[in-house]
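Colleague:
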Amino acid sequence: NGGVEVKFLSKDNKGTWRLLAVFNNPATQVDRVCFGDLTGSGSKDVIIGWGNTQNNMSASMGIYSYQNEIINETYAKNPYGEMILTDFDQDNIMEIFAVMRSVPGQDSKEDQAARAELLRFENGELRPVQWVEADNSTVRYAAILFGRITENLYAVVLDGMKADSSMTTQIFYIDAYGRMINIPKGVNDESAVNPLFRPPGAGGTARDINGDGIIEFPVVSLLPSVQDPSAVDSTSFLVIWSAYDAEKREYRPVKEMLMNYAEGYRFTLPKSLIGKITAIHDTKLKAVTYYSVTPQGKKNQDALMNSPLFTVRVFTKNAWKQRGESSGYELLAEKQDYVYGISVLATDSAAQIAIRQIKYSFEIDG
Numbered sequence: 006n007g008g009v010e011v012k013f014l015s016k017d018n019k020g021t022w023r024l025l026a027v028f029n030n031p032a033t034q035v036d037r038v039c040f041g042d043l044t045g046s047g048s049k050d051v052i053i054g055w056g057n058t059q060n061n062m063s064a065s066m067g068i069y070s071y072q073n074e075i076i077n078e079t080y081a082k083n084p085y086g087e088m089i090l091t092d093f094d095q096d097n098i099m100e101i102f103a104v105m106r107s108v109p110g111q112d113s114k115e116d117q118a119a120r121a122e123l124l125r126f127e128n129g130e131l132r133p134v135q136w137v138e139a140d141n142s143t144v145r146y147a148a149i150l151f152g153r154i155t156e157n158l159y160a161v162v163l164d165g166m167k168a169d170s171s172m173t174t175q176i177f178y179i180d181a182y183g184r185m186i187n188i189p190k191g192v193n194d195e196s197a198v199n200p201l202f203r204p205p206g207a208g209g210t211a212r213d214i215n216g217d218g219i220i221e222f223p224v225v226s227l228l229p230s231v232q233d234p235s236a237v238d239s240t241s242f243l244v245i246w247s248a249y250d251a252e253k254r255e256y257r258p259v260k261e262m263l264m265n266y267a268e269g270y271r272f273t274l275p276k277s278l279i280g281k282i283t284a285i286h287d288t289k290l291k292a293v294t295y296y297s298v299t300p301q302g303k304k305n306q307d308a309l310m311n312s313p314l315f316t317v318r319v320f321t322k323n324a325w326k327q328r329g330e331s332s333g334y335e336l337l338a339e340k341q342d343y344v345y346g347i348s349v350l351a352t353d354s355a356a357q358i359a360i361r362q363i364k365y366s367f368e369i370d371g
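Each residue of the sequence shown is one higher than the last, beginning at 6 in this note's numbering.
1) Going by Cα to Cα distance, which pick from S107, R120, E74 and G47 is closest to M99?
2) Tell whether a beta-carbon distance below 8 Å holds between P229 and V319.
3) Checking 8 Å against the spacing of the C-beta atoms, do M185 and W136 come in under that value?
4) List the DSSP bridge partners of A26.
5) Report buried or exposed for E335, applying the criterion of at least 16 other Cβ atoms within 10 angstroms of its Cβ.
6) Does the contact criterion of 3 or more C-beta pairs under 8 Å hold for the region 30-43 versus the region 65-73?
7) Between F272 and S348, how many whole angstroms is the CB-CB distance? I'm expecting something under 8 Å.
8) Going by DSSP, which residues form a beta bridge with E74?
9) Pairs of beta-carbons, one from the region 186-194 and one from the region 209-223, closer than 8 Å: are there three or more?
10) Taking the beta carbon of T240 as the centre, do at least 16 other beta carbons fall within 10 Å, making it buried, or is it exposed?
11) Less than 8 Å between the CB atoms is what I'm expecting for R120 and T143, so what's the real figure, rounded?
12) On the three-state DSSP scale, how would you describe S107?
13) Quick one: give me the first and last residue of the beta strand (DSSP E) that K340 is part of.
14) Of the choices N61, A292 and A351, whose alpha-carbon is the least far from that of G329?
15) Considering only their Cβ atoms, is the gap separating Y266 from D208 smaller than 8 Å?
16) Classify K16 as buried or exposed, calling it buried when 16 or more other Cβ atoms lie within 10 Å of its own Cβ.
17) For K281 and T294, what's the separation of their Cα atoms in angstroms?
18) Assign I358 to buried or exposed, taking buried as 16 or more other Cβ atoms, counted over all protein chains shown, within 10 Å of its Cβ.
19) F315 CB to nearest chain C CB: under 8 Å?
20) Given this structure, state the Cα-to-Cα distance separating P223 from E252, to the nearest angstrom.
21) To the nearest angstrom, how far is the alpha carbon of S354 from that of I363?
22) In the DSSP output, what is M172 paired with across the bridge?
23) Let's see if you can read the secondary structure: which residues bound the alpha helix (DSSP H) around K260?
24) Looking at the structure shown, is T58 part of a helix, part of a strand, or coil, going by DSSP?
25) Name, in chain order, the residues that DSSP records as bridge partners for D50.
26) Helix, strand or coil for L158, going by three-state DSSP, please let me know.
27) By DSSP, does A119 sit in helix, in strand, or in coil?
28) How many angstroms separate the CA atom of R254 from the CA atom of V162?
29) Are the CB atoms of Q34 and N57 within a distance shorter than 8 Å?
30) For E195, which of helix, strand or coil comes out of DSSP?
31) State the Cα-Cα distance for the pair K82 and A64, rounded to the nearest angstrom.
32) Report the partner residues of Y295 according to the DSSP bridge assignment.
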């Protein structure tokens, strides 16, 4: 009769399966399925997001708990636009962090502002124990993480996209007084400045970029002498991956990198080239050529473009065998059916030293 059905089965010591429970939901899609101990029973509960959170849609949340051969179904009161399991106090009992988008009111009803809730099981019910306002201008959530943003501070990191395709990051944590905080402060204040704002084309989401167990954040700036503003993409920006300093409430640079999200690679930019390099991306060839630039005047875009330094190109394995090395490219990395190659074009020794550092730091996603 439509909708989606979920069945819970149990297998005995003879290997025989039997049906414990069946639940039906009118949703036509399943957004996600998560597992975690929400009730403190010592066994994992099942959390199902019913629906589709894309295209400004919301999903409902069902929680299924097992006890004495019985599956109990509980529903969260509000729908969500994004959610994740958390354990802020590290007691091994999970909470649910859920964020709702801003929803325009119908007829005479007021707009529903965006808000984030922290949900816990208490006395057999899923209840919001904390809430805080969220960014009303976010129309789609790109990524969500729960983890450490400092050695001792756990947080939810939420990357969202606005209607103009620009991006921003919100950070939710529990402060020393037990209150949920959303930084930057004044998330819906038009005069407030979010240092984690990324203009259209920059892309990128927060991640542990250096493997130290702490989430870093992308702080971006346009490369000098970008020639065609309409062709701006992730290769057009310097990304300063930054860690959050909770005491100073500011971001500390960790690593400067150039990224290509479309082709899934990145590399560390040597200090000697910061402010002195720009990029031109040939999307048809899957090739980015990096040029040296000379700063000129006060504006970053007034820099003069000089000679090419190197090109990074992505080949299929067949194309690499046919013309990769013969056309002057050196192997950087391989992944599945793709080969990443670099062609060194610079002739002066200082640039060649920097390019050797780039080769050493080159990484591909996954």
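Quick reminder that beta carbons are idealized off the backbone N, C-alpha and C, glycines included. Model, not experiment: these values are computed from the prediction.
Modeller: Here's the rundown:
1) Working through the sequence shown from its first residue, we reach residue 99 at position 94. Checked all of S107, R120, E74 and G47; the closest Cα to M99 is G47.
2) In the sequence shown, residue 229 corresponds to position 224, counting from 1. In the sequence shown, residue 319 corresponds to position 314, counting from 1. Not in contact: P229 and V319 (Cβ atoms no closer than 8 Å).
3) One-based indexing of the sequence shown puts residue 185 at position 180. One-based indexing of the sequence shown puts residue 136 at position 131. Yes, these two residues count as a Cβ contact at 8 Å.
4) Working through the sequence shown from its first residue, we reach residue 26 at position 21. Paired residue(s): F13.
5) For this step, residue 335 is matched to residue 330 along the sequence shown. E335 comes out exposed.
6) yes
7) Indexing the sequence shown from 1 puts residue 272 at position 267. Indexing the sequence shown from 1 puts residue 348 at position 343. Contact doesn't hold; Cβ gap of about 15 Å is too wide.
8) Counting from one through the sequence shown, the residue named residue 74 turns up at place 69. Its beta-bridge partners do not exist; DSSP assigns none.
9) Output reads no: the region 209-223 does not touch the region 186-194.
10) As a working mapping, residue 240 is identified with position 235 in the sequence shown. With 16 or more Cβ atoms within 10 Å of its Cβ, T240 is classed as buried.
11) As a working note, residue 120 is residue 115 in the sequence shown. As a working note, residue 143 is residue 138 in the sequence shown. Between the beta-carbon of R120 and that of T143 there is about 12 Å, and that puts the pair past the 8 Å contact cut.
12) As a working mapping, residue 107 is identified with position 102 in the sequence shown. In the three-state reduction of the DSSP assignment, S107 falls in the coil class, being assigned neither a helical nor a strand state.
13) As a first step, residue 340 is located in the sequence shown; it is residue number 335 there, counting from the start. E335 to K340 is the span of the beta strand (DSSP E), which, as asked, contains K340.
14) Stepping through the sequence shown from its first residue, residue 329 is reached at position 324. G329 has its Cα closest to that of A292, out of N61, A292 and A351.
15) Translated into the one-based positions of the sequence shown, residue 208 becomes position 203. Translated into the one-based positions of the sequence shown, residue 266 becomes position 261. According to the sequence as given, residue 208 is Gly; it is not Asp. Yes, the Cβ-Cβ distance between G208 and Y266 is below 8 Å.
16) Looking up residue 16 in the sequence shown gives position 11. Exposed, because fewer than 16 other Cβ atoms sit within 10 Å of the Cβ of K16.
17) In the sequence shown, counting from the first residue as 1, residue 281 sits at position 276. In the sequence shown, counting from the first residue as 1, residue 294 sits at position 289. The straight-line gap separating the alpha-carbon atoms of K281 and T294 is approximately 14 Å.
18) Taking the first residue of the sequence shown as position 1, residue 358 is located at position 353. Label assigned to I358: exposed.
19) Judged by its chain identifiers, the structure shown contains no chain C, having just a single protein chain.
20) As a position in the sequence shown, residue 223 is number 218, starting the count at 1. As a position in the sequence shown, residue 252 is number 247, starting the count at 1. For P223 and E252, the distance between alpha carbons rounds to 20 Å.
21) What you label residue 354 is simply residue 349 of the sequence shown in a count that begins at 1. What you label residue 363 is simply residue 358 of the sequence shown in a count that begins at 1. C-alpha separation (whole angstroms): 14 Å.
22) In the sequence shown, residue 172 corresponds to position 167, counting from 1. DSSP output for M172 lists M166 and R203 as bridge partner(s).
23) Within the sequence shown, the letter at position 255 stands for residue 260. It is not in any alpha helix (DSSP H) - K260 instead sits in the beta strand (DSSP E) that spans E255 to N265.
24) In the sequence shown, counting from the first residue as 1, residue 58 sits at position 53. Coil.
25) For the purposes of this step, residue 50 is identified with residue 45 of the sequence shown, where counting begins at 1. Paired residues: G41.
26) Here the question's residue 158 lines up with position 153 in the sequence shown. If DSSP states are grouped into helix, strand and coil, L158 belongs with coil.
27) Translated into positions along the sequence shown, residue 119 becomes position 114. If DSSP states are grouped into helix, strand and coil, A119 belongs with coil.
28) Looking up residue 254 in the sequence shown gives position 249. Looking up residue 162 in the sequence shown gives position 157. Cα to Cα, R254 sits roughly 16 Å from V162.
29) Here residue 57 corresponds to residue number 52 of the sequence shown, with the count starting at 1. Here residue 34 corresponds to residue number 29 of the sequence shown, with the count starting at 1. Going by C-beta atoms, N57 is nearer than 8 Å to Q34.
30) For the purposes of this step, residue 195 is taken as the residue at position 190 of the sequence shown. Residue state, collapsed to three classes: coil.
31) Counted from its first residue, the sequence shown places residue 82 at position 77. Counted from its first residue, the sequence shown places residue 64 at position 59. Taking the straight line from one Cα to the other gives about 11 Å.
32) Here residue 295 corresponds to residue number 290 of the sequence shown, with the count starting at 1. The partner list for Y295 (beta bridge, DSSP) reads A284 and F315.
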